[in-house]
Structure formats: C-alpha cells, structure tokens
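Asker: My questions all concern the structure below.
Residue numbers (this note's numbering): 213 to 350.
Below, the structure is given as structure tokens:
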C-alpha cells in the first residue's frame, strides 16, 4: 500500500490517494468521498485494465460532486442512499427540509453528502481505514 497526494480542493484542503496492489488487483482510493478512483485487474490475456467508470483526477470529481446533477461514480454515499422525495421528511413529529440535488428531491445525502467530504484516513494492516464523524444537524 502506498499513499500520495491526490491534490487539493479549491479551498486548499489536501486530499490523499491510496494505492493497494496485489498480484490480482490494484485499487486507488481517494479520501475525498472515500471513492474508488481506479480498479485494475488482468483480463483473460493478462493485460491490466481499469474497470471503474468515472473521472480519475480530483478536479473532475470535485466539479461533478458539486454540480446540480452529480453522478456518484465509486463514492461512498450517505447519510442515506436513494432519493428523499421533495427533499423533506418528518421524524418524531418534526419536519425537516433538505437541500435538493436531484430535481425536487434530495439524492444520496444531498450536496453535503459523504461523497463531498474529505474523510480521515490512515493505513492499516493490508489496507486503509476511512472515518468521518457527521456533526449533529449536518
């Protein structure tokens, strides 16, 4: 496993990129969105090919994730997966309004979802661990 810089967000925050490799698989995972950027595996002829669809540079991921209609290639989604209709819900008798990022709906956590944050990351035995603590009301 190796760690390198994937670049900086427009706000200046550094983003790490981890590469994990075995004789059968190579994965590159970004701390931004805890996203799989590259997943290479050998084909039937032994040629290594990337089987992930999506951008492979940080600037393209940021532009996509902050757009009005993001595509969620390889990212960790949340606080929920799928859509919340009309970007609102009720919990214990209290109504909540969410940001809209899918027409009139809130999709995969909205614009402030897990795909759009830099996760804390650290190497662990045979891999990397990602952590993100979501603040109350976030």
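Ideal placement from N, C-alpha and C gives every residue a C-beta, glycine not left out.
Does the contact criterion of 3 or more C-beta pairs under 8 Å hold for the region 259-275 versus the region 305-317?
Answerer: With a cut-off of 8 Å, the region 305-317 and the region 259-275 do not count as touching, because too few Cβ pairs lie within range.
Asker: Please state the DSSP three-state secondary structure of residue 337.
Answerer: Taking the first residue of the chain shown as 1, we reach residue 337 at position 125. In this structure, residue 337 counts as coil in the three-state DSSP scheme.
Asker: Using DSSP bridges, identify the partner residues of residue 262.
Answerer: Residue mapping note: residue 262 aligns to position 50 of the chain shown, counting from 1. DSSP, once it has assigned bridges, lists 252 as partnering residue 262.
Asker: Within the continuous alpha helix (DSSP H) that includes residue 316, where are the two ends?
Answerer: Along the chain shown, one-based indexing puts residue 316 at 104. No alpha helix (DSSP H) contains residue 316, which DSSP labels as neither H nor E.
Asker: For the alpha helix (DSSP H) that contains residue 276, what are its first and last residues?
Answerer: Position 64 of the chain shown, counting from 1, holds the residue named residue 276. First-last of the alpha helix (DSSP H) with residue 276: 270-277.
Asker: Which residue from 230, 253 and 341 puts its Cα closest to that of residue 242?
Answerer: By one-based count along the chain shown, residue 242 stands at place 30. Selected option, being the one with the closest Cα: 230.
Asker: Got a sec? Which residues, its chain only, sit under 8 Å from residue 294 by beta carbon, not counting five neighbours each side?
Answerer: Taking the chain shown and counting its residues from 1, one reaches residue 294 at position 82. Around residue 294: 319 and 320.
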